[in-house]
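The structure under discussion appears below in the form of structure tokens.
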């Protein structure tokens, strides 16, 4: 009977409570939330009403207003908060059957000086994890009104080379992921994508220098993961951007996110055009053969234009609190047309041997399509226990066409021709990952992956003699399959201020190459055991010390493998080598970081590899250079990186990012041993000013030293940029003006080549001074946090 009495009491109390509630009058609470400094409304501020019942949350509208209805009489607590502002609590007592009008409520910004006390809550731009550096783009005020490429060059360990390509630790052999997944968008013309993508779309950039075992082993220098912003609130938001660059052309970008209950849809589209831009080139080659000194001089002028378009979509549906399905879609399209006019003269001991004028036209088309499906299962026992299954399909279809016409001929064959190459790839990936926390200090993860790659190339050269078309012998169909089967297991341990992550990855690769036309084949099978280990010691005052070791693999890419002989440049023929072998690289690193008022990162790394893939150049008896790839090199690199950021005073901030390394390269070409060594590095600095009335300005300086290559070197590069940013209409609109390299109208990129039989100097001069104007408009209304798959396809294992 005691149990029956308890049940009766609960039932009686429920009835009384319901009757009491039914008799109570209900009220409404309304008000407006504003910034205490600028007096402007705070949209999407969180207002929480706490009473004896369940807390109720609402968000302020565009004007900062809020309304809470059906509030019972009695005492309540009202909490108000907004990102970047101090929270405020109000005590309310409702006793009359009428609305409570709170009027204007002011929130104080987090960075506010009160007498001798300074309250600051700045998010650190850079943080050091056990195996990676993380650059928080959203914490960088320069991310508003800039392109992604302008922000990424500020990330520690990253830089832009003199050739306009992104570098990691000064080198170009790394993998780039988009939201943790491989994408044809980043595979084809990464720099065009980053130049068109608004920086404010990015959430963070992860530089993974000691990739754990779940990452593919490809990419000698590591992995760069570009993470797009996670939309935190329910509803919709987005931005539209338009810009014009005098060195490039017009660009337009639109992004949007919609969340409706359990469904999330994200979409983006990027479009850019390259206006016709001219450049000049000179090439001089001196050859010594016996008693004859031969000189070849080549001067030319070229113009190229094109367009680039890409789109990425992601759709997520939360079946319930433990099951999430995500589908992804992306495509990209690049068109490029180049026309050139070159004059060539050959002299032997000062006497003319032959000369001609070459008209050349090239047309390049690159197309990529991605489809992905991810399923994620979490468990009630632990939110860190996750099982993920993923499928990814990436298709690439490309074509190149070149036409050469020779005129003004002196002692040179009348050999007009065109050249065609249709090539592409199909990549399918199946992946499963499982993460299991064994305790608060120990966690384990493991999984497997299958990657099936099919590459193909159909190339030919057609000669034109006296108006008739003649098929030459330079034609073939090349098919190349690369299948990778991988298993991995890794463990992470955290004990007090110490952390360790160690793992092992096993990869078996099967390669089949088939030259269909001449019936020759290439078949290879190899297995690699790839260990990785990282240690981290967290020190007082937000300091950290990290040591890491990893092995990485460089598998030759389709460009390096394709035997298609590109003879568009009459002085330099280029072709791949289908017999290339993978390269195994060993990398050690020791990093120190401190993130207080001054952010400091100092890293030292050493890497070595044998049998590296090197671009080698040899000369034929007809004075034509042949450029291809060989497994001939030994590479030793000792380098140091530094990152420094310091706010001198309110509104004035200085940032420095640089690297210096010593490189030693050795290789043998056609029986001749080549050795080259020396220092190379880069440095960039940024001095930014923040003024009242939402106005910012910055001055940037960059320097890239000459690069050390096996058979020569390049020249250094200096760059400067001045920018001004103005926010309008409560930061809904941003206008940015860039002046790039105001003190240098042209830049000449020079490549010096030295071999046992000839020396060569190639120079390309391009317009360097330019103006870039950018306009951004933002819109939206959001409420609830968006979630994404924590795991997905990460194909970071090919060039």
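Residue numbers (this note's numbering): 10 to 808. Glycine included, C-beta positions come from ideal geometry on N, C-alpha and C.
| Asked | Found |
| --- | --- |
| As assigned by DSSP and simplified to three states, the class of residue 334 | strand |
| Alpha carbon of residue 789 to alpha carbon of residue 244, nearest angstrom | 8 Å |
| Identity of the residues DSSP links to residue 534 by a beta bridge | 519 |
| Cβ separation of residue 725 and residue 707, assumed to be a contact under 8 Å, to the nearest whole Å | Their Cβ separation, rounded to whole angstroms, is 23 Å, which puts residue 725 and residue 707 out of contact at 8 Å. |
| First and last residue of the uninterrupted alpha helix (DSSP H) at residue 159 | 157-161 |
| Classification of residue 152 by the beta-carbon crowding that lies within 10 angstroms, buried from 16 upward | buried |
| Backbone secondary structure at residue 646 - three-state DSSP | strand |
| Contained alpha helix (DSSP H) runs [length at least 4] in the stretch 184-235, N- to C-terminal order | 193-196, 199-205 |
| C-alpha gap between residue 376 and residue 734, whole angstroms | 35 Å |
| Alpha-carbon spacing of residue 461 relative to residue 760, whole angstroms | 38 Å |
| Bounding residues of the alpha helix (DSSP H) (the contiguous stretch that carries residue 569) | 567-570 |
| Assigned exposure category for residue 182 - 16 Cβ within 10 Å defines buried | buried |
| Boundaries of the beta strand (DSSP E) in which residue 595 is found, first to last residue | 592-604 |
| 8 Å contact criterion, which residue 553 and residue 602 should meet: CB distance rounded | 5 Å |
| Residue-chain proximity (residue 376, chain C), Cβ-Cβ < 8 Å | No chain C appears in this structure, which consists of one protein chain only. |
| 8 Å Cβ cutoff met for residue 206 and residue 262 | yes |
| Sufficient close CB pairs (3 or more, under 8 Å) joining the stretch 110-119 to the stretch 516-535 | no |
| Entirely enclosed beta strand (DSSP E) segments - the stretch 669-713, minimum 3 residues | 681-700, 704-713 |
| Beta-bridge pairing of residue 352 - partner residues as DSSP gives them | 308, 366 |
| Exposure label - residue 755; buried when at least 16 CB within 10 Å | exposed |
| Classification of residue 2 by the beta-carbon crowding that lies within 10 angstroms, buried from 16 upward | In this structure the chain extends from 10 to 808, so residue 2 is not present and cannot be described. |
| Nearest residue (CA-CA) to residue 194, options 80, 281, 318, 211 | 318 |
| Own chain partners of residue 234 with C-beta closer than 7 Å, once the 5 adjacent residues on each side are dropped | 186, 189, 215, 217 |
| Buried or exposed by the 16-neighbour rule on C-beta atoms within 10 Å, applied to residue 53 | buried |
| Three or more C-beta pairs below 8 Å linking the stretch 36-43 and the stretch 65-73 | yes |
| Buried versus exposed call for residue 125 [16 or more other C-beta atoms within 10 Å across all chains shown] | With a pLDDT of only 37 at residue 125, under 50, the local geometry of the prediction cannot be trusted, and no value is derived from it. |
| Residue range of the beta strand (DSSP E) that includes residue 407 | 391-419 |
| Heavy atom of the ligand HEM within 7 Å of residue 360 beta-carbon | Here there are no bound small molecules, and the ligand HEM is not part of this structure. |
| Candidates 626, 522, 624, of which the one nearest residue 587 by Cα | 522 |
| Where the beta strand (DSSP E) containing residue 744 begins and where it ends | 742-749 |
| Simplified DSSP assignment, three categories, for residue 809 | Because the chain is modelled from 10 through 808, residue 809 falls outside the range shown and cannot be assessed. |
| Own chain partners of residue 728 with C-beta closer than 7 Å, once the 5 adjacent residues on each side are dropped | 711, 750 |
| Nearest neighbour of residue 747, chosen from 255, 332, 431, 608 [CA to CA] | 255 |
| Pairwise C-alpha distance: residue 560 and residue 488 | 29 Å |
| Exposed unless 16 or more other CB atoms sit within 10 angstroms - verdict on residue 654 | buried |
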